[in-house]
Structure formats: structure tokens, C-alpha cells
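Read left to right, the sequence shown gives residues -25 to -1, 1 to 345 (mature numbering (1 follows the signal peptide of the UniProt record, and there is no 0)). Ideal placement from N, C-alpha and C gives every residue a C-beta, glycine not left out. As the structure is a computational prediction, the values presented were derived from the model and not from experiment.
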Amino acid sequence: MSHSTLRRRFAAGLTALATAAGLMAGAPALVNAQSAGSGSGEPAPAAAPAPRATAFGGNEDPDGQRGRLRAGCVYDAVQSWVQLCEVWSPSMNRHIKVQVQPARQGGGNAGLYLLDGLRARDDWNAWTHDAQAQRIFLMDNITLVMPVGGQVSFYSDWERPINLGGNLLEYKYETFLTQELPVYLQNEFGVSPTNNAIAGLSMGGSAAAMLAANYPQQFKQVSVFSGYMNPTAPGMYSMIPLAMFDQCKCDPFAMWGPPGSPAWGRHDPLLNADKLRNIPMYVTAGSAIPGQYDQPSSLQGVFNTFNGIILEGLSRGSTLAFQNEMNAAPNRATFNYRTTGIHGWGYWNDDLQAARSEQILDVMNAYSTY
């Protein structure tokens, strides 16, 4: 079947599928839209002044590691020593923004990549706004690396350029994250290319798993929060392109080709479980039952909650299937299933805190020594 025929069939069924799945009309697509900022198109915040060391259980910058701007960076308005950096990507032929919080102490060479969701913005990574990653790791000796942008990318190398609002852009996020960004981070922040963890939610969770699977020399630990761990499962060939089209109004088949193409299998964590068995993993999913962060006070809030229930149900099912595949042989994965919780940032913020204390700091030996 030709690509054009597939695209025509996709377009013909788009409205019906969208209505059934609740993914159109501004609903959250693979990322909860309860936070008003995500995808709103608001202007980027102005650069913040240089922060000062404050007492938050101790000196946040005992060695002056954080109080020094690196090349191409300004202090970010989210504070907590975060720098907003412009990193040149030869593969994408443009600068890519990255928010970086340097390790607390000099000599700390561990890094933690935090990947965003499908509706990733172009001005900040949601881990610094819809969650509080910069506060969670404030006193730890690990550098937070938070790429900005990359909506619908699945942080992969696309087969064809993406058309975003009439602009054709190369999408080569796998190349950027594994070949280009590590060089910059080593030169400017002292992050070792071989001493990193990676975490992500939803789209970013699936991508984190695949990047860890394919680059074990770079990533020593991976955390997946509400990820889609089996994108080749029945129904996902429709749901994923639908969610992508809702966000970008672009051709979703420019990513991995038409459904059933080999590239879909290459980006499926369940089908690549053997590559992940020797890597410490922290994997979570909610029950799709509304919990403490789900108290809608408007019709839109009710709509968003309903969509969050659907999306988390899909994540829960694929995570269980992934666990069954992993457990077919020895592995180093920890699975944590919340008794409540839909597809939302409040839960992912909690998940990140749990992953930090239960696995990330231990695996990365990223505790501060004073």
C-alpha cells in the first residue's frame, strides 16, 4: 500500500477516531493538558539574573560550580541555578535550547536527561514548570539536562523533515542527544558522555527506554513514567499518529514511515526488551482512576480528566505487557503501579522523586559529599 493511500485513509478516519478517543479540540495528547502553560504559545520568559547561594538544607553552590555561566547560556527564569543554553546541532542545522542545572559540587560528572512529552514547548522543558525537577535535585551532585522543544518527535531521527506551520525542519533528536549534545555537556559542564541516566514521561518515557536500549554506553539507568511501551500493539498504529496530528497538523508518517514499517518495531521498547535487561529501570504507571491531583472545577477540566483516564489506561496496559516481557528472563527493572492517578504532571513529579530516592542517586553515585 502506498504512502499516499495510507495518508488518505488516515485523514478519512481522523474525525471519527478523534471523537472516540477524545484527543481533539484541545484535549491532551499523550501528555496531560491540565497545566495551562503546556502548548499555549506564550512567549519565553526573560533571562533571569544570576542567582545567589541560599540556605536550602545547606549551601546550594559550595564550590561555585553553579554560579558560572557557560558558553551560549543565560540564567533561566525558573531559578535554582538553571541555565538556558543554545546548543548547535549540525544534524538539524539550527540551535537547540537546553535547560541545564549544573551538579552541586565540582567534579560531579553524572548527568540526568529529562525528556518532555508530546506537546513539548519551544521555550521551556515542562519538567521545570509543570513539575519541579530543579528543586528535587537541588542538593544532589548530578547535572540535569532538559532539552527544549521536539514536539511529537519521540526524540528519534525522522525519516523525512517535519512540516511545522509551513517550515520544513530536520528532526534528528536521537543524533542530537547521543552524539552532539554530549560533546557540549562535557566541554561546558563536565558531564561524562558515559555516566548518564535518562527519564521521561509519556512520549518521553518510551523514548528514554529506547535511547537507553540502543546506547547503554551512555545511559546507565532509565526511568519511564506513564510511557507507551508497545507502540506496535493493536490500536496504537492509529492512536499515536492521531495524537501527533492533533498536536502538529503535520504528517505523522514522516517519523517512522507507515504503520507496520520496520522503524516502528525498532522504536518499540517491548520488542527490544532484551537490550534493557541489564540496565536498572524504574517504571511507573497509574491506575487510570482519578486521584489527589484530579479535582476538575470546570467543564474543560472534566474533559481533560476524562482524556487523562483514557491515556493512562493505554499506558498502564502497555506497561504491564512490557513487564511480562521483561520478566521472561532476569532483569534489573523495578515496576511501581499507583493505585490512583491519570495522565498528569502531579503524578509524574511524584514519580521523579521516587525514582531519585529509590534508584537514580544510587546507580549514578550522585550524592553530594558535603
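The way I'd put it, the stretch 178 to 195 does touch the stretch 124 to 135; three or more beta-carbon pairs between them come closer than 8 Å. It is roughly 13 Å from the alpha-carbon of P209 to the alpha-carbon of S290. If you check the CB distance, S167 and R110 do not come in under 8 Å. Setting aside the 5 residues that flank it on each side, E155 is surrounded in the same chain by S64, each with a C-beta closer than 6 Å to its C-beta; the list follows chain order. It is roughly 16 Å from the alpha-carbon of I285 to the alpha-carbon of D221. Note on T280: 16 or more other CB atoms within 10 angstroms of its CB, so buried under the neighbour-count rule. Beyond the five residues adjoining it in sequence on each side, S236 comes within less than 8 Å, by CB distance, of no other residue in the same chain. Within its own chain, the residues whose Cβ lies closer than 8 Å to the Cβ of N170, once the five positions on either side in sequence are excluded, are N84, A85, G86, K195, M339, listed in chain order.
Following the DSSP letters along the chain, one finds Y159 inside the alpha helix (DSSP H) bounded by residues 156 to 164. Taking a C-beta distance under 8 Å as the contact criterion, V258 and T207 do not qualify as a contact pair. Assignment of beta strand (DSSP E) within the stretch 83 to 159, counting only whole runs of 3 or more residues, yields 86 to 90, 118 to 122, 137 to 139, 142 to 144 in chain order.
When DSSP states are grouped into helix, strand and coil, R291 belongs to the helix group. Nearest to M204 by alpha-carbon distance, out of G292, A229, E145, is G292. Distance from V62 to I71 at the Cβ level is roughly 5 Å; contact confirmed, criterion being Cβ atoms closer than 8 Å.
Boundaries for V197: no alpha helix (DSSP H) harbours it, while the beta strand (DSSP E) harbouring it runs 194 to 200, taken from the DSSP string.
Under the three-state reduction of DSSP, G316 is assigned to coil, being neither helix nor strand. Under the Cβ criterion (8 Å, minimum of three pairs), the stretch 239 to 252 counts as touching the stretch 183 to 199.
Judged by their CB atoms, Q40 and R79 are nearer to each other than the 8 Å cut-off. Counting only residues of its own chain and dropping the five nearest sequence neighbours on each side, V277 has a CB closer than 6 Å to the CB of P271. If you look at R241, you'll find it in the alpha helix (DSSP H) that goes 237 to 241. Inter-residue distance for Y342 and F228 is about 43 Å (C-alpha atoms, whole angstroms). When secondary structure is reduced to three states using DSSP, N68 falls in the coil class, being assigned neither helix nor strand.
Here the alpha carbon of E134 sits roughly 7 Å from the alpha carbon of G232. Between Q76 and N100, the C-beta spacing is not below 8 Å.
Within the stretch 204 to 236, the complete alpha helix (DSSP H) segments at least 4 residues long are 211 to 223, 228 to 231, listed from N- to C-terminus. Residue burial is scored here from C-beta neighbours: E333 has fewer than 16 other C-beta atoms within 10 angstroms and is therefore classed as exposed.
Rounded to whole angstroms, A296 and D243 show a C-alpha spacing of 12 Å.
Beta-bridge pairing by DSSP links W63 to H70. Judged by DSSP in its simplified three-state form, G175 adopts strand. Within 10 angstroms of the beta-carbon of Y159 lie 16 or more other beta-carbons, which makes it buried. Note on geometry: alpha-carbon atoms of V49 and L89 lie some 19 Å from one another.
The DSSP-derived three-state label of V53 is coil. For the 8 Å CB-CB criterion, T153 and L186 form a contact. The closest CA to that of A52, considering only R96, T103, D36, A95, is found on T103.
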